[in-house]
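Numbering (the numbering used here), first residue to last: 80 to 787. Take a look at the structure below.
This is the structure in structure tokens:
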């Protein structure tokens with residue numbers, strides 16, 4: 080960790096606002112990304128940027144914050160302010176009857192009225208937003224930041240007050256909302272509470288607990304109906320008087336029975352006689368026997384401490400507190416999935432703010448899919464900088480769509496329902512983003528509601544650089560990029576480097592720390608280098624509701640959990656995967672379907688599965704004219720799994736031309752079955768030793784070097 084964040088502080092102003100000819104100096108090392116975030120806040124707070132503090136004097140950061148067209152006017156905002164005041168004073172002046180504004184919208188409008196480039200400075204305290212704050216082309220160059228040494232907190236909804244205890248021990252509070260709004264999440268003292276559900280959430284947080292498992296339908300249903308219905312075992316479901324508002328949170332995937340992701344599907348009806356749950360669904364999310372699920376959203380399911388339910392008709396929150404301190408607690412109803420929307424607001428800077436407690440929408444297939452919402456949402460706005468913020472308990476942290484040269488740096492993004500950061504395109508348009516830099520963020524606990532998500536997800540985005548981020552505890556991916564739909568959302572010239580990724584893919588059957596897709600079926604010309612990846616796992620249940628053990632891999636078994644530290648998929652080609660350190664994962668590196676990829680100079684240790692898995696499945700029979708073999712060269716591999724599998728190659732259609740090995744150095748549990756190759760090019764058959772692989776002409780110069 081120390082080596083990855085060592086130079087960040089001293090070069091941050093250069094990264095934020097680079098000038099030609101700047102050279103990054105050598106700086107001191109730090110241990111905590113939150114320390115980095117604090118220093119970014121100090122460097123970009125309102126008074127520092129206005130007065131050119133010595134820390135920033137002479138850097139390109141100072142030029143951008145003050146602007147070249149003259150000094151900025153600072154408009155102040157405070158929870159204690161009034162929108163009838165001038166906003167030009169940081170605190171209230173009782174004698175003059177003037178002071179800061181009360182709302183960000185009023186400060187935005189004042190900045191527009193003045194013209195030029197200005198700053199909005201938020202004072203300490205809590206801001207409860209009733210609607211998204213929209214910035215547009217009139218706000219070009221505007222800075223929205225914190226006052227120095229102050230911590231403004233923006234909440235994505237209302238504070239809930241006036242709690243009353245009912246005779247049954249539950250508590251209620253009034254909360255009237257417009258018909259088109261709903262409570263997405265409830266937060267007590269900053270902690271997400273549980274929407275009333277069955278079965279109850281496990282008290283210890285074990286992701287293997289708290290599920291029901293779909294039954295085999297009898298009579299069987301058409302496979303295509305798996306997107307809108309599933310069956311349940313007798314006695315599984317509680318009696319539910321009313322299905323209005325009832326939702327099933329279910330794990331499924333692109334094919335029936337797969338466990339690649341999940342969604343929250345509204346329940347249409349429950350047929351008790353046929354033991355069938357009918358849901359609204361999509362054309363590409365399927366369920367089948369063994370799909371794990373729970374029900375949520377009905378008043379009758381409210382029965383456990385920490386659970387809540389919202390009665391839209393009566394305008395009331397019902398809640399069972401986990402302790403008796405509720406009257407003294409800060410309770411926030413998360414209503415807004417988007418806090419700030421920057422629509423055409425180029426060159427804006429948002430820094431030093433805390434965004435928290437919003438609605439979870441943003442990454443579910445049924446409602447929004449990957450490209451929806453975002454607590455900070457940037458559309459058609461070039462040169463935007465999101466720096467030094469804290470974003471927590473929201474749907475998606477930062478969303479960038481069809482914008483150029485966005486910078487997302489030095490932020491902490493945590494406990495997010497869906498993706499931490501998304502960069503790419505919008506619904507139906509497929510306009511691209513370009514030149515985004517995602518640098519030195521701490522992104523952790525991602526996918527709290529929607530598991531088919533990533534700390535950083537990008538598509539339809541060229542020239543992306545993702546560097547020096549710390550990403551921890553993600554439901555599926557640490558970083559996921561590339562094309563899902565072909566040329567429409569193709570990705571080229573991405574660089575993913577010097578990131579630290581711990582504990583990715585904690586809740587799906589097929590995922591990993593870093594993934595690149597290539598459905599556009601041409602070379603991505605992208606690089607994944609010098610990353611540190613540890614602890615990549617998987618979670619998959621069998622039809623009977625039991626789970627495969629952690630770290631399990633059996634290449635002879637299907638369906639079976641799959642987990643990769645780094646992998647390519649969907650014909651992803653033209654990638655360099657080099658100089659990465661991969662330790663304590665399942666499979667280290669996988670190539671699925673693509674050509675002309677280079678895997679070189681990586682260090683692989685303490686894996687429970689194969690070091691390399693290469694499969695032509697997503698590109699079966701596909702060999703374009705430019706195709707060259709995938710090359711696995713000059714890697715250092717310790718084979719630590721009990722099976723001793725170093726590499727599994729499944730390319731029956733393409734044979735030796737699909738992959739070549741050279742000059743790798745192996746140690747550990749290498750044996751006469753360490754290489755599994757289909758087609759059976761080795762004289763020993765499907766399984767063989769390193770020597771067998773070399774005699775078959777598929778490896779040149781690799782050695783087995785036992786520890787000294």
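Glycine residues also receive a C-beta, built at the ideal position from the N, C-alpha and C atoms.
Cross-strand partners of residue i (DSSP beta bridge)
i: residue 250; result: 244, 398
i: residue 550; result: 522, 580
i: residue 635; result: Partner(s): none; residue 635 has no beta bridge.
i: residue 312; result: Its beta-bridge partners do not exist; DSSP assigns none.
i: residue 736; result: Paired residues: none, contrary to the question.
i: residue 231; result: 204
i: residue 773; result: Paired residues: none, contrary to the question.
i: residue 692; result: 669, 727
i: residue 602; result: 652
i: residue 420; result: 213, 456
i: residue 513; result: 483, 541
Selection from the options that minimises the alpha carbon distance to residue i
i: residue 521; options: 527, 545, 507, 508; result: 545
i: residue 636; options: 569, 335, 727, 600; result: 727
i: residue 173; options: 184, 183, 160; result: 160
i: residue 220; options: 755, 316, 669, 425; result: 425
i: residue 209; options: 415, 269, 229, 507; result: 415
i: residue 215; options: 335, 345, 457; result: 457
i: residue 731; options: 765, 717, 723; result: 765
i: residue 483; options: 574, 460, 619; result: 460
i: residue 382; options: 391, 364, 401; result: 401
i: residue 285; options: 361, 626, 685; result: 626
i: residue 540; options: 565, 573, 525, 184; result: 573
i: residue 681; options: 715, 654, 669; result: 715
i: residue 612; options: 622, 575, 638, 588; result: 575
i: residue 432; options: 702, 674, 267, 224; result: 224
i: residue 756; options: 710, 694, 704; result: 694
i: residue 334; options: 231, 365, 171, 605; result: 365
i: residue 403; options: 272, 384, 417, 315; result: 384
i: residue 244; options: 150, 292, 406; result: 406
i: residue 239; options: 378, 436, 318, 322; result: 436
i: residue 374; options: 292, 710, 165; result: 292
i: residue 479; options: 487, 438, 473; result: 487
i: residue 233; options: 380, 265, 202; result: 202
i: residue 718; options: 735, 386, 524, 690; result: 690
i: residue 701; options: 674, 709, 722; result: 674
i: residue 724; options: 754, 638, 314; result: 754
i: residue 523; options: 513, 516, 517, 535; result: 535
i: residue 685; options: 666, 422, 516, 187; result: 666
i: residue 125; options: 151, 168, 227; result: 227
C-beta contact flag for residue i and residue j at 9 Å
i: residue 452; j: residue 475; result: yes
i: residue 176; j: residue 155; result: no
i: residue 597; j: residue 652; result: yes
i: residue 506; j: residue 477; result: no
i: residue 720; j: residue 688; result: yes
i: residue 497; j: residue 561; result: no
i: residue 594; j: residue 559; result: yes
i: residue 319; j: residue 344; result: no
i: residue 309; j: residue 358; result: yes
i: residue 183; j: residue 206; result: yes
i: residue 317; j: residue 379; result: yes
i: residue 600; j: residue 698; result: yes
i: residue 584; j: residue 549; result: no
i: residue 410; j: residue 556; result: no
i: residue 413; j: residue 473; result: yes
i: residue 679; j: residue 710; result: yes
i: residue 664; j: residue 592; result: yes
i: residue 554; j: residue 332; result: no
Would the region 252-264 and the region 387-396 be scored as touching if the rule is three or more Cβ pairs under 8 Å? yes
The region 457-469 in contact with the region 114-128 per 3-pair CB rule at 8 Å: yes
Scan the region 637-675 and note each continuous beta strand (DSSP E) run of 3 residues or more that stays entirely inside, going in chain order. 641-648, 652-657, 660-662, 666-671
Counting Cβ pairs, one atom from each stretch, are 3 or more of them under 8 Å apart for the region 333-343 and the region 528-540? yes
Contact between the region 443-451 and the region 276-283 is defined here as three or more beta-carbon pairs at a separation below 8 Å; is this criterion met? no
Looking at C-beta atoms only, is the number of pairs between the region 300-317 and the region 625-643 that lie closer than 8 Å three or more? no
Check whether the region 736-752 touches the region 768-781, counting contact only when three or more Cβ pairs, one atom from each stretch, lie closer than 8 Å. yes
Given 8 Å, three or more beta-carbon pairs between the region 655-662 and the region 742-757: no
Quick check for students: name the residue ranges of the beta strand (DSSP E) that lie wholly in the region 315-385, counting only runs of 3 or more. 326-331, 340-350, 355-358, 371-375
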